[in-house]
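K.L.:
In this note's numbering, the protein residues as written are 1042 to 1514.
My questions will all concern the structure given below.
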Ligand SMILES: [Fe+2]
Ligand SMILES: [Fe+2]
């Protein structure tokens, strides 16, 4: 198992020292990245110490080491999962051939677009979250936010490595542009819609980690199947970091649910806000919003691009190699939920152009598992309520449902019903103002804001009242 070379300027396990041209290109990019981090990374915390983990090797046991670090000193680097000897292309037209170590000329433009689109989401989320440190509900949560932020920064490094190593001058230009676009900027926005939305408060942040970052997990998992082996190995290592981001989202929302339930039981009231909590209907509206904008990230239900990516071997299905079929899908079909005028219908469509929808289905099933765990918390408190995922057609901007209004329970509704009930279904200005009003920073070790329960356990075996960050030092 290769350890990581921390002696060089850019920590890596890709033998950067053996490729001078690439090393120079990345060393040229490094100060630009740091300048971006300085301008767009966590606002006001650049000189503060945080208890962060850093990768020390890429195997399951040895890859995480914890210690206090100032974020700009975090060792961002290039880590690929170990190569699988004799790996083959596992799907598409080239199935059975050796996996590619270099990009076939005919796939260059497409792969470049896929890598840039994935890469763009990484710095975007750091930008979206840069103001959150000022209103952290605890040192534990502050530390987790910053851990996610530095790792999203590292994911940018991962994609920039691929661009610089395999795309020559075009790759260098793309690497520059990844540092120039800005989340929410009118003139140079980030590429995907959900990554230009604001993350105005910590509830939105937890929902983002749960729903939007989970899209990232599914995109990475399908790129981890790619015939282009360096991309597959990069994504496999990124997925190990991503798991922690999902955890922060699930436990974050779960702790807000728990606090709401504690207040409801203790005070025998539904008026959770009166006691400084965030009520379940508000949680449901936030959930509806973040889930629906995240569903859009999977693209149209029927997509020739998706079919082409698969046939070419660029992007597989979630857990491609575990599936027991021919991995070419030329004559297979897939059940796609779509629309026939005002009716929502399921129809069998050719499997290849339905691959976006299949990935979205895997994602939806995964999302639902966490929602059921949140509902267990509600039930445990003896409260008769539940959170649910809205219908996939609700509040969509891309695909078959983008030009109709669909209620959370899956009815096509008219504009007048939508206008009348929108405030029940999506966060209202009052919700946002209320949630903003409880976002007061809590920076005493072991203390938590009124709207969130402490975590079940701390990070790396430390207690919940450990000094996870030193924002005042
Ligand atoms: Fe990421
Ligand atoms: Fe992430």
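Note that beta-carbon positions come from the ideal geometry of N, C-alpha and C, so glycine has one too.
#1: For residue 1342, count neighbouring Cβ atoms within 10 angstroms of its own Cβ and tell me buried if that reaches 16, exposed if not.
#2: Drop a sphere of 10 angstroms on the beta-carbon of residue 1436, count the other beta-carbons inside from all chains shown, and report buried for 16 or more, exposed for fewer.
#3: Reducing DSSP to helix, strand and coil, say where residue 1384 ends up.
#4: Just to confirm, is the Cβ distance from residue 1352 to residue 1085 under 7 Å?
#5: Only counting runs of 3 or more residues, tell me where the beta strand (DSSP E) segments fall wholly within the segment 1071-1148, in order along the chain.
#6: Taking the C-alpha atoms as reference points, what is the distance between residue 1480 and residue 1438?
#7: Where does residue 1335 fall in DSSP's three states?
#8: If you check the beta carbons only, do residue 1094 and residue 1074 fall under 7 Å apart?
#9: Leaving out the 5 sequence neighbours to the left and right, which residues in its chain are closer than 6 Å to residue 1289 when beta-carbon positions are compared?
#10: Within the present structure, is the beta-carbon of residue 1290 separated from the nearest heavy atom of ligand 1 by less than 6 Å?
#11: Given residue 1423, which residues of its chain have a CB within under 8 Å of its CB, disregarding the five upstream and five downstream residues?
#12: Leaving out five residues before and five after residue 1252 in sequence, what residues of the same chain have Cβ atoms less than 6 Å from its Cβ?
#13: Is the CB of residue 1326 under 7 Å away from at least one CB in chain B?
#14: On the three-pair Cβ rule with 8 Å, is the segment 1176-1196 touching the segment 1479-1496?
#15: Can you check whether the CB of residue 1141 is closer than 7 Å to the CB of residue 1268?
#16: I'd like the span of the alpha helix (DSSP H) that includes residue 1408, first residue to last.
#17: Once you ignore the five residues that flank residue 1482 on each side, which residues in its own chain have a CB closer than 6 Å to its CB?
#18: Which of the three DSSP states is assigned to residue 1042 in this structure?
#19: If contact is defined by three or more beta carbon pairs under 8 Å, each pair taking one atom from either stretch, is the segment 1195-1212 in contact with the segment 1152-1165?
#20: Please report the Cβ distance between residue 1338 and residue 1406, rounded to the nearest whole angstrom; I am assuming they are in contact, meaning their Cβ atoms lie under 8 Å.
#21: Assess, as a yes-or-no matter, whether the segment 1400-1418 is touched by the segment 1292-1308 under the definition of 3 or more beta carbon pairs within less than 8 Å.
#22: Taking 6 Å as the cut-off, does the CB of residue 1193 come closer than this to any heavy atom belonging to ligand 1?
#23: I'd like the span of the alpha helix (DSSP H) that includes residue 1215, first residue to last.
#24: Whose C-alpha, out of 1111, 1174, 1211 and 1109, is nearest the C-alpha of residue 1150?
#25: Do residue 1216 and residue 1070 have their C-beta atoms closer together than 7 Å?
P.N.:
Taking the structure as given:
#1: buried
#2: buried
#3: strand
#4: With contacts defined as CB atoms closer than 7 Å, residue 1352 and residue 1085 fail to qualify as a contacting pair.
#5: 1090-1095 and 1106-1111
#6: Counting only the Cα atoms, residue 1438 lies some 30 Å from residue 1480.
#7: helix
#8: no
#9: 1185 and 1250
#10: no
#11: 1306
#12: Closer than 6 Å at Cβ, skipping near neighbours: 1331, 1332 and 1335.
#13: Considering every chain present, this structure includes no chain B. It has just one protein chain.
#14: yes
#15: yes
#16: 1396-1421
#17: 1176 and 1177
#18: Confidence in residue 1042 is poor, its pLDDT being 43 and thus under 50, which makes the residue's placement too unreliable to answer from.
#19: Three or more Cβ pairs closer than 8 Å define a contact, and the segment 1152-1165 meets that threshold against the segment 1195-1212.
#20: Not quite, the Cβ-Cβ distance comes to about 16 Å (not below 8 Å), so this is no contact.
#21: Judged by pairs of C-beta atoms under 8 Å, the segment 1292-1308 touches the segment 1400-1418, as three or more such pairs exist.
#22: yes
#23: It spans 1209-1219 - the alpha helix (DSSP H) in which residue 1215 sits, taken as one unbroken run.
#24: Nearest option by C-alpha distance: 1211.
#25: Contact flag set, yes.
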